[in-house]
Each structure stands twice: as structure tokens, then as C-alpha cells.
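Peer 1: As you go down the protein sequences, you meet chains A, B and C in turn. Going by numbering that gives the first Met the number 0, the first sequence opens with residue 0, and the numbers climb by one from there. Going by numbering that gives the first Met the number 0, the second sequence opens with residue 0, and the numbers climb by one from there. Going by numbering that gives the first Met the number 0, the third sequence opens with residue 0, and the numbers climb by one from there. All residues carry an ideal CB built from backbone N, CA and C; glycine is no exception. Encoded as C-alpha cells, here's the structure I'll be asking about.
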Amino acid sequence: MNAALGRSGVLLALAASVAGVAVIAYGLARKRTDLARTARVYAGLVLAGAVVATVAMQRALITHDFSLAFVAANNSRSTPLLYTITGMWSALAGSILLWGLILAGYIVAMVWRFRRQAADPLVAWATLVTLVVAAFFFGLMAGPADPFATVTGPVPGNGLGPNVLLQDNPLVAFHPPLLYLGFVGFTIPFAFAVASLVTGRIGEGWQVATRRWTLFAWGFLTVGIVLGAWWSYQVLGWGGFWAWDPVENASFLPWLCATAYLHSVMVQERRGLLRVWNLSLVIATFCLTILGTFLTRSGVITSVHAFSDSDIGPLLLGFFGVVLAGGVGLIAWRGDRLRSPGGIDSVVSREGAFLVNNLLFVLFAFVVLLGTVFPLLYEAFRGQQVTVGAPYFNAMTLPIGLALLLLMAIGPALPWRKTTASTLRDRLTVPAWVGALVIVACVAGGVRGLAPLGAFGLGAFAAAANARQLVLSARGARRSGAGAWRGLVGRANGGMVVHLGVVVIAVALAAATSFGHRGEVTLRPGQVAFSDGHRIELVRLAFVRTPARTATEALVMVDGHGPLRPAVSQFGANTEAVGTPAIESSLEDDVYLTVDALPAAPGGPVTIGVTVQPLVAWLWGGGVLLVLGALLAAVPGRRRRPTDPVSAPVPAGETGDPGGGSGDAGPPRPVVVAPAPGRSPVGTEARGDDEHAPEPVPARSP
Amino acid sequence: MTQTEGATARPELRRRHTARWVAGVILVVGAALVALLATSPPQSATEVDTPLVGQAAPDIAGATLGGGSFDLAALRGRWVVVNFFASWCPPCQQEEPELVAFAYAHRSPGDAALVGVVFDDAASSAHSFMQSTGASWPAVIDPDGQLALNYGVRGPPETFIVAPDGTVVVHLDGPVTAASLDHWLVLAKQGRS
Amino acid sequence: MSASSARRSPGRPGWVGWMPWAALAVVVGVALGVGSTHGGPPATVAERANAIDALVRCPSCDGISVADSSASTAVAIRQVVLTRVRAGQTDAQIDSFLVSRYGPGILLRPPVQGWTAWVWLAPPAVLAGAVVGLVAVLWRRRSRAPAPVSADDRALVQRALAERAGAGRAGSEVVTAP
Numbered sequence: 000m001n002a003a004l005g006r007s008g009v010l011l012a013l014a015a016s017v018a019g020v021a022v023i024a025y026g027l028a029r030k031r032t033d034l035a036r037t038a039r040v041y042a043g044l045v046l047a048g049a050v051v052a053t054v055a056m057q058r059a060l061i062t063h064d065f066s067l068a069f070v071a072a073n074n075s076r077s078t079p080l081l082y083t084i085t086g087m088w089s090a091l092a093g094s095i096l097l098w099g100l101i102l103a104g105y106i107v108a109m110v111w112r113f114r115r116q117a118a119d120p121l122v123a124w125a126t127l128v129t130l131v132v133a134a135f136f137f138g139l140m141a142g143p144a145d146p147f148a149t150v151t152g153p154v155p156g157n158g159l160g161p162n163v164l165l166q167d168n169p170l171v172a173f174h175p176p177l178l179y180l181g182f183v184g185f186t187i188p189f190a191f192a193v194a195s196l197v198t199g200r201i202g203e204g205w206q207v208a209t210r211r212w213t214l215f216a217w218g219f220l221t222v223g224i225v226l227g228a229w230w231s232y233q234v235l236g237w238g239g240f241w242a243w244d245p246v247e248n249a250s251f252l253p254w255l256c257a258t259a260y261l262h263s264v265m266v267q268e269r270r271g272l273l274r275v276w277n278l279s280l281v282i283a284t285f286c287l288t289i290l291g292t293f294l295t296r297s298g299v300i301t302s303v304h305a306f307s308d309s310d311i312g313p314l315l316l317g318f319f320g321v322v323l324a325g326g327v328g329l330i331a332w333r334g335d336r337l338r339s340p341g342g343i344d345s346v347v348s349r350e351g352a353f354l355v356n357n358l359l360f361v362l363f364a365f366v367v368l369l370g371t372v373f374p375l376l377y378e379a380f381r382g383q384q385v386t387v388g389a390p391y392f393n394a395m396t397l398p399i400g401l402a403l404l405l406l407m408a409i410g411p412a413l414p415w416r417k418t419t420a421s422t423l424r425d426r427l428t429v430p431a432w433v434g435a436l437v438i439v440a441c442v443a444g445g446v447r448g449l450a451p452l453g454a455f456g457l458g459a460f461a462a463a464a465n466a467r468q469l470v471l472s473a474r475g476a477r478r479s480g481a482g483a484w485r486g487l488v489g490r491a492n493g494g495m496v497v498h499l500g501v502v503v504i505a506v507a508l509a510a511a512t513s514f515g516h517r518g519e520v521t522l523r524p525g526q527v528a529f530s531d532g533h534r535i536e537l538v539r540l541a542f543v544r545t546p547a548r549t550a551t552e553a554l555v556m557v558d559g560h561g562p563l564r565p566a567v568s569q570f571g572a573n574t575e576a577v578g579t580p581a582i583e584s585s586l587e588d589d590v591y592l593t594v595d596a597l598p599a600a601p602g603g604p605v606t607i608g609v610t611v612q613p614l615v616a617w618l619w620g621g622g623v624l625l626v627l628g629a630l631l632a633a634v635p636g637r638r639r640r641p642t643d644p645v646s647a648p649v650p651a652g653e654t655g656d657p658g659g660g661s662g663d664a665g666p667p668r669p670v671v672v673a674p675a676p677g678r679s680p681v682g683t684e685a686r687g688d689d690e691h692a693p694e695p696v697p698a699r700s701p
Numbered sequence: 000m001t002q003t004e005g006a007t008a009r010p011e012l013r014r015r016h017t018a019r020w021v022a023g024v025i026l027v028v029g030a031a032l033v034a035l036l037a038t039s040p041p042q043s044a045t046e047v048d049t050p051l052v053g054q055a056a057p058d059i060a061g062a063t064l065g066g067g068s069f070d071l072a073a074l075r076g077r078w079v080v081v082n083f084f085a086s087w088c089p090p091c092q093q094e095e096p097e098l099v100a101f102a103y104a105h106r107s108p109g110d111a112a113l114v115g116v117v118f119d120d121a122a123s124s125a126h127s128f129m130q131s132t133g134a135s136w137p138a139v140i141d142p143d144g145q146l147a148l149n150y151g152v153r154g155p156p157e158t159f160i161v162a163p164d165g166t167v168v169v170h171l172d173g174p175v176t177a178a179s180l181d182h183w184l185v186l187a188k189q190g191r192s
Numbered sequence: 000m001s002a003s004s005a006r007r008s009p010g011r012p013g014w015v016g017w018m019p020w021a022a023l024a025v026v027v028g029v030a031l032g033v034g035s036t037h038g039g040p041p042a043t044v045a046e047r048a049n050a051i052d053a054l055v056r057c058p059s060c061d062g063i064s065v066a067d068s069s070a071s072t073a074v075a076i077r078q079v080v081l082t083r084v085r086a087g088q089t090d091a092q093i094d095s096f097l098v099s100r101y102g103p104g105i106l107l108r109p110p111v112q113g114w115t116a117w118v119w120l121a122p123p124a125v126l127a128g129a130v131v132g133l134v135a136v137l138w139r140r141r142s143r144a145p146a147p148v149s150a151d152d153r154a155l156v157q158r159a160l161a162e163r164a165g166a167g168r169a170g171s172e173v174v175t176a177p
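This is how it looks when you write it as C-alpha cells:
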């Protein structure tokens, strides 16, 4: 019953998406807006089908319906309820179902949000593109990755249960759905980008209108990645949180492109520049999500032999190829004709800073992609295996990270169009001294090593510069009567908070990786050892037996706190035993305990691995700041008049001021930046934000 | 804006094809990437190319599960099949009956010998595993994993075929069958004659 | 008057404004100089072994190093590394021993010699190319004459400034709209 219900849901969604594509295409060809308006019906049907299929799958899981092959492989009678529910996305076919459900939800949200412009061909094209993507994923579910395939042969009495590592921690309920909310969210901006290119209307506000969608998708992806790192830290037992392995890189690549896009779209909003570049970034982000899914799902990188195991690999790769060719082809076709007029005047300006920012992020993405794909390249050409591991990535991305920190400090202080060195110098003096003093304090405190010192110093510089912007913005908001809190919301100020989060994470990364230390202590029950300044006491061993888990735990007191319970656990019956770590976290450092060796005889010594890493808790705190900043940035700012000044005062006579004529003895006039030309059907492109925190005007001499 | 458009019309003509060129380059690179990812490596499913192939086989000496001792050097002059296994790995369980069949087929003295090495397993578990499947060949205990290290074993099951002169002829990764072992033996013997 | 024009008055040369930054540069330079020296005793055997372990891949794991893993293969490799470090072998000798057993894929860092050098050279090459491209584009733009300003443009700007002045903001010129 579940299989039939689920399969019918999938088929309904597939049929609705295909029909929607056909109807919209016909409506566009014949210019019949009434057909384009019916898109909402098909979107609703796709969502209905996805919901039915999901409900069927969850029902099958919860009632332990082992007639479904997926349930038999990923669920068992002894699996707790939480892991039964999350079992839906613990394997391939179910995760595609989750993707389809989230995609359907996004499509309905998009259709609803733009319902008043449903007759616009551009919106119709965007809906068409999203329905094509939906058709692909539901097509996968109808065929090769069928979550509702039934078992061949007799129905087993009990299933195998999910992968042991997926039963260990409740985070499995959050990490994949949030990650998918991020990945799938990029489909909407991609659809609008393609629609803009196809219709040739890229001068309007569509990209800006979908900016908030990109921001939300980016926010979810950020949370998903941070939670993934946290989960890996808590569960996998090696004490690290980021291993640069292909699955992690696959999720990081779209994040890098999306971050670059969120920055450069501001240049488009303000100056109308970089339109084609922004479209390319959006298309690249979506392509990378598909490539990432392919890399993760086909196993082509981690184990080349697993490629032939799943049929879905070639299809995903084919889809990636089609999307890449289509996107690149559209850009080639339209790109040159739709180039924006005007250009960047000076590198020393906010536009210049965003350009350098994009350069660095794209270089970062290139490094990550190259490192991930290189072993395949090498094996294909030389026949030998080579590993590109964490040392490569760390070495390559360290300078990029430091450069980005520096840019984060300078960028917010840079005005638009152009500025003088003295302006920059005046604005950044205090933050620079903060950074310098932090370096001095660290060196005095015994910190050694250019890389961590550089990270700490630049991080402090950036934090002070961004904090300065927030303070100025709050002050300005209060002065203009809107209330100081206004100075903390809106795109620019949310961005400052996000930068603060990035600084915190960068500092934490530098500290944890440079000064982490791994050791081992061998203790008998009741003995005490000291490791890296922490007192480790083994109380005793304990045996745990619950239906879900059998484990041998070591009860350990760390600095008198505890007891912590690192263990060797077995989840379910007849499964491999895995080490489960225990962590004592504080603001200063994390003590990470694992059971490395159980005693050979009862009462014998236990070998406990002790890893001490400073500032790990700051990583998660920084993640919270990132999310907070994204939420703040999503708050719509007050509608700013396009002619409000956004650049720094340029003293009269220093530049050929086109607006007022040089040689004027009048007060310095801010350079007015006109908004981008073109219609903006979705509201003024320069939609309010408090991006230009009013800088203190230098006092006039009497 | 009209005046500025006129002023920049000439350079516009020169730059007209930038996007097209860049797009072309990306398309070519992308196609190469897709082609690369679409082709699987030109190796058979289980043969592994490691540096040990063609080199002298590292010595295997130590206590066996049955209580005796074993030394690979004593088998010099015979073809030897070295099999790293564990009781907890499903492919090892899968290949064990095949190995039993192989051992039986080559039971005459002087014929190819079969040796097992326990990989990261308790001696008792490995012993009962072998007994339950009827395996009777010597299985060497590798308490600190040094034997596995010397042979570059990443994870069980891995099998090596050693020639009578002591060099490693082939390194197989994954569960083997009696037929495939015979096939490799024939190839190896041909290669040496 | 802005701060920079204040400094233009006689007696205060322009570079005076840069003095705090010069001092800052000196302070940071000294601090980094002190901070980059790794004073203290040379690495102990355990530290050396740990450093080598961090660059060797655990053969039966998913990309983590031997130092981070508790798998049996990792433990065995750590043991061998420790023995060889105690015996006085160099890092290169130990690495080549492991490569002779497991193949070049056992090292986490692709070797800088040979074909794998491409993975090290490609990112700096891409960076150089991108920087050159950007500089070329910006240079071409700068060497073009600035766009001529039409009377319409001037009128637009005057209108905008008048609007702002009409809203009561200080610091702008008041011009009646045409």
C-alpha cells in the first residue's frame, strides 16, 4: 500500500512537472498569457505529489514496512523513532525524495511570490526552468532511484537499520534537510538568471528581486555546512571538523560561488555593472550543486569502483553537462550584447573591493575543485593513484583566507566610485591599531607562528573595522530618528555581523589547527594523568545495553568535571563497533576523548586518546553569528532614495566634479551616484538599505 | 547616456566577443571534465597496481591460529597465494567458500599453497570463522599489523600471488573466486615461462 | 574643510598623516619578527613522528591522516614511523618506505616533483592570469577619455541635489529646480 501510494505521488509530481513545462512552453510560444498563469496549478500538483510520496515513505518507515527495499535496507525494528524518521534521507533514493519535496516547496513559494507578474514571460520562463529541474529529479525517482521499489523475494522480518554512524547523534535530523534547503534554494535564482538571459531582459531588477532568495539559500547552506562540521566533530572520533574530503568540498563549492555573488550583486544594484558576471555566478552556483550531488551520490571520487554500483551517477553527470552547456551557451549568446554601460573607475573603491573579493572567492573555488578532481585526472592520465589531502588544501587556502580577512577590513570602509588614500587611512586607523595590538598581545602571550599571528591580527583588524561600521550605522540611525536598532538591520549591517562571524571562525580555525595537540593516556580505573594541562581521571568502565545500542563506556573526569563517556559502541545487532567520542567544551578549549584501546583483560588499562584544541567552541559561535547576520540582512531596509549620497566627500578642486564644476569654493559635495538605468518592475533597484553609514565629516577649520 | 554610448561604440566592437570566447573555453573544459568523470578506470575490477608487484614478497613469519608457526621462506619453490582476511568483513565471508574450493583443488603436495593472514581481528574470532567454513590452511596472526603494512594492505580482503622465486606477481583487492585465482595463476605461469 | 585640505596649509606636509601608520608598521613588523621565531629545543622524537604522521594518509579510512585515526592500519604505520624516527631516518626516507609499500597515494600531500606539480602550480597561475586580465581591463578603461557630460546629465544632478536640499539636509548646495 505504501509502495503504491508513494509511487503514485512520484508519478503525479513527474506528470505535473512535465505537463507544466509543456503548457508554459506552448503559452510562451503562442504568447498566451492565460496559459502562463496556469503554472501555479502545476506547481501545486508537483508539491502535492511530493508530499504524498513523502508521507508514504515516512509511514512505511514508522510502521517498519519491510516490503519496501529502502525500508528493509535503512530501518529496523530496534531503530529509535527519531532515526527512523531521519532514515528517509540516510540513503540515496530517500535523499532524492527529500530533494524533490524541498524543490516542490520552493517552486510553489516562487509561484506565489511572483503571482502578480505571472503573465510576464520572464516569470513564465523561470517557472518553466524550475519545472524542468523538478521533472529531472522526479524522473530519477520514477526510474533508477526508486525509493518505493519492493524487495525481491520474501519480505524480511527485520531490516538492516541505518548506517551506524547515522544513529549516533540527533544532528542527523537537521544537517541534511538544512543542507538541501540551501542547495535546492539556488534553483530559483538560477531559473531567473536563465529566464533573464533567454528574454534578454537583464537590465531590470529581477536579479535584485531574487537576491533575498539567494540570501536565504546561502543562509541555509551555511547552517548546513556548519552543522555538518559540528556533527563530524561529535561523531566521527578523529577530533577534527573539516577534512577537505570530496563530500565536504562538494557542499563548499556552491557556498563559495554564492558568497561571491552576494557581494557582486551589490555592485549591480548600485552601479548597474557586472550584470553578465553575476548571471554567470548564479549559473555556476547551481551547476556546482548538481556536480556536488553527483560527486557525493556516485562515489566516483572516494571509491572509483563504486561508480558502476549506482545507475544514478551517469544521469546526474548528464544533467550537469546539460545545465553547464545550456548556461554557458546562453551567456555566449546573450552576454556580449547585454553588457552594461559604464565601468569601474578606480580599483580603490567599493566596486574594486568587490571585484577583488570575487577574484579571491573564485580562486578559492578553483583550488577546492582542482584538489577534489585532481586524483581522478592523475589516475586517468598516469594510471597511478595520488592523494590530495588536507595539507594541500590548507597550504593553498591559507593565503587566500588571509587576503579575504584583509579585504573584509578594508572593504566596508571604502566608498563607492573612488576615494583617496587619506580617506581610507583616516577611517581605518583605529581598527588597524586594534589589530596591531592584538598581534603584540599574542606574541607577548607566547603565540608563535606567522600564520596564526597573521590570522589573529587581520581578524582583529577586520572585526574592529566591521564593528566600527555597525556603531556608525546605529548612531546615524538614532540621529535620524529611526532608532538605533535600525542601524543593525538591513543588508549592509547584517553583512557586517556576518563578517564578524567569519572573523570569529577564522580565529577559531587558526587556533585549533595551529595549537591543537593529540595525546594518549593509558589508565587503570582510579588513576589520574595530566595531558596538556588537563587532569584526566578514569573512574571506571561501564557496560551499556539498550535495544538500540550496546557499548563499553569509559567514565572519565576531566578537570573534575564529568563524567564524560567516550565509548566503543555497537548500534543494533551484528554491526561493526565504532568509537564514540566524548567532548568537554569550554570557551578556552575543547578536550576530546576517545577510547583507543579497551583492556585485554578485565581490570586492565584503558588507552584513552586525548585531543586538546583551543577555541573550538568559537567555531560554533561564529556559525551562530553568520546565521544571525543573514537574518538581519534579510530584513528590508527603509526605502532609500536613489539620490542619497553613498560615497565619501571629495574635497572641491581635487577631482573634476562633473556635477558642479571645478574651482567651486563651496563646501565639499558628495559625489552622487545615479541608479542603474532600466525599468524595475519589482520596485526600485536601490531598495533601501543602510549601506552607507554616515561617515563623520571632518571638521572644518575656522 | 546616448552620448556615452556613442563614445564607447568603437571599443564595444572590439570587446564584443569576450563573453563568447570565455564561454567557449569554459565549455571545452567542462566537456573534458564530464568526459573524465564519465569514464571508469581501465582496470579490471580487482587488480591493484601497487609498488609491491614485481618486488620480492616481504617475509611472513609468526604464530598461526592453529598454534603452530609459519614461515613464507619455507614455501620457496612453490606458488603461494597469500590472503589477508578478517571475520568481520562481509566480502571475506563471501570469498571463504571459494578459497576452500581452491585449496581443495590444489591439495596435492607441491601445488599452489594457500596462506591466510589475520587482519585486525581477535584470534578467537578468526579461528572460529575459519573452522566454521572448513578452512584448513595456515593462518598467521598479525598482532601489530606490521605484516599488513609490509604488504600495503588497506583493508580486507586482499590477496597476493607469489611466484616460486619469491616475487609478488599480482595484488588483488576484493573478494576472489576459485576460478579467478586459477585464471591469475595460469596467466602468471605463462608470464614467467 | 576636509582633513586633507587642512594638512595642505603650510607647515604641515602631507606625509604627517601617515606617521601613525608608519609606527604601526614598525610595531607589527617587530611583533611578527619575534613571533615567527620558533625558539626552544629541537623537536623531540614524538613531535617529529607526529609531524610525519600528520602527512601520511590512513589507508583504510576516508582521507584522514594516520595521526588522526585509530584504525589498525593507522596504528601500525604510527608504530613503524616511530621506530624509524628513533633509528634516525629522515622524513624523506620514511616517506619513501611507505610509498614503496602502499604507492604514492599514501602521502596526503601530492609530491611537488613530477606531474603532480601541476596541482601546486595551477592556482598561482590562475591567480596571475586573473590579475593580469583585471589590470588590463582597468588600464584600458582608464586610458580612455572620460565620458563627456551632457547638459541633461548636469540638470539631473542639480535636480537630485535640490531634492535632497529640499528635505533639509545640511552640507549641500541649494539649487532651485529648473
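1) For TYR103/B, count the other beta carbons within 10 Å of its own beta carbon; 16 or more makes it buried, fewer makes it exposed. Which is it?
2) In terms of residue numbering, what span does the alpha helix (DSSP H) encompassing GLY325/A cover?
3) Under three-state DSSP, which class holds TYR591/A?
4) Using a Cβ-Cβ distance cut-off of 8 Å, determine whether VAL33/B contacts chain A.
5) Taking ALA24/A as the reference, give the member of GLY608/A, VAL131/A and GLY312/A with the closest Cα.
6) Is there a Cβ of chain A sitting closer than 8 Å to that of ALA122/B, yes or no?
7) How would you call ASP589/A, buried or exposed, if buried means at least 16 neighbouring beta carbons within 10 angstroms?
8) According to DSSP, is THR149/A helix, strand or coil?
9) Just list the beta strand (DSSP E) runs in the stretch 597-634 of chain A, keeping only unbroken ones of 3 residues or longer that don't cross its boundaries, in chain order.
10) Just mark HIS105/B as buried or exposed, buried being the case when its beta carbon has 16 or more other beta carbons within 10 Å.
11) In chain A, what lies closer than 9 Å to PRO58/C by C-beta?
12) Since SER479/A sits in a beta bridge, which residues does DSSP pair it with?
13) Using a Cβ-Cβ cutoff of less than 6 Å, which residues in the same chain neighbour SER724/A once the five nearest sequence positions on both sides are dropped?
14) Name the chain C residues whose beta carbon is nearer than 9 Å to that of PHE703/A?
15) Less than 8 Å between the beta carbons of SER348/A and PRO414/A, yes or no?
16) Decide if GLY151/C is buried, meaning its Cβ has at least 16 other Cβ atoms within 10 Å, or exposed.
17) Report all residues from its chain with a CB closer than 6 Å to the CB of THR706/A; omit the five preceding and five following residues, and keep chain order.
18) Mind pulling the chain B residues with CB within less than 8 Å of PRO313/A?
19) Would you list the residues sitting across from HIS533/A in a DSSP beta bridge?
20) Just checking my contact of VAL594/A with ILE535/A at CB under 8 Å: how many whole Å lie between their CB atoms?
21) Using the three-state DSSP reduction, which class does GLU46/B fall into: helix, strand or coil?
22) Taking only three categories from DSSP, how would you classify THR166/B?
23) What in chain D is Cβ-close to GLY154/B, meaning under 8 Å?
24) Against ALA22/B, what residues of chain A qualify as contacts under a CB-to-CB distance less than 8 Å, listed in chain order?
25) Verify the CB distance criterion: does THR579/A have a CB-CB separation below 8 Å to chain C?
26) Along chain B, in chain order, which residues have C-beta atoms closer than 9 Å to that of GLN78/C?
27) Drop a sphere of 10 angstroms on the beta-carbon of ALA45/C, count the other beta-carbons inside from all chains shown, and report buried for 16 or more, exposed for fewer.
28) Using CA coordinates, which residue listed in SER135/B, LEU171/B, ALA134/B and PHE128/B is at the minimum distance from PRO89/B?
29) On the premise that VAL116/B lies in contact with ASP141/B, defined as a C-beta separation below 8 Å, what is that separation, rounded to the nearest angstrom?
30) Can you give me the Cβ contacts of ILE745/A inside the same chain, cut-off strictly under 6 Å, excluding the 5 residues immediately before and after it?
31) If you measure beta-carbon to beta-carbon, which residues of the stretch 25-53 of chain A are closer than 8 Å to chain B?
Peer 2: On the basis of the coordinates in this document:
1) With fewer than 16 Cβ atoms within 10 Å of its Cβ, TYR103/B is classed as exposed.
2) Unbroken alpha helix (DSSP H) run through GLY325/A: 311-333.
3) Note: TYR591/A maps to strand in three-state DSSP.
4) The beta-carbon of VAL33/B is placed less than 8 Å from the nearest beta-carbon of chain A.
5) For the options GLY608/A, VAL131/A and GLY312/A, the alpha carbon positioned closest to that of ALA24/A is the one of VAL131/A.
6) Chain A contact via Cβ: absent.
7) Counting Cβ neighbours within 10 Å, ASP589/A comes out buried, since at least 16 surround it.
8) In the structure shown, THR149/A adopts extended strand secondary structure according to DSSP, grouped into three states.
9) The stretch 597-634 of chain A is shown to contain whole beta strand (DSSP E) runs of 3 or more residues at 605-613, in chain order.
10) Per the 10 Å Cβ criterion, buried.
11) None at all; the shortest Cβ gap to chain A is about 10 Å.
12) Paired residues: none, contrary to the question.
13) In the structure displayed, chain A extends from 0 to 701; residue 724/A sits before or after that span and is not available.
14) Absent from the structure is residue 703/A, since the part of chain A shown begins at 0 and ends at 701.
15) The answer is yes: Cβ separation under 8 Å.
16) Per the sequence shown, the amino acid found at residue 151/C is Asp instead of Gly. ASP151/C should be labelled exposed.
17) There is simply no residue 706/A to check, as chain A begins at 0 and stops at 701 in what is shown.
18) Going along chain B in sequence order, the residues near PRO313/A (Cβ under 8 Å) are ALA37.
19) HIS533/A pairs with SER530/A.
20) About 13 Å; that fails the 8 Å criterion.
21) In the structure shown, GLU46/B adopts extended strand secondary structure according to DSSP, grouped into three states.
22) Three-state DSSP puts THR166/B in a strand.
23) The chain labelled as chain D is not found among the protein chains of the depicted structure, namely A, B and C.
24) Within 8 Å Cβ-Cβ: VAL327, GLY328, ILE330, ALA331 and GLY334.
25) Chain C contact via Cβ: absent.
26) Neighbours of GLN78/C on chain B, chain order: ASP143, GLY144, GLN145 and LEU148.
27) Exposed is the label assigned to ALA45/C, since fewer than 16 other Cβ atoms lie within 10 Å of its Cβ.
28) Among SER135/B, LEU171/B, ALA134/B and PHE128/B, the Cα nearest to that of PRO89/B belongs to PHE128/B.
29) Right, the Cβ-Cβ distance comes to about 6 Å (below 8 Å), so this counts as a contact.
30) The structure shown does not extend to residue 745/A, since chain A spans only 0 to 701, so no value can be given for it.
31) If the cut-off is 8 Å between Cβ atoms, the stretch 25-53 of chain A has nothing near chain B.
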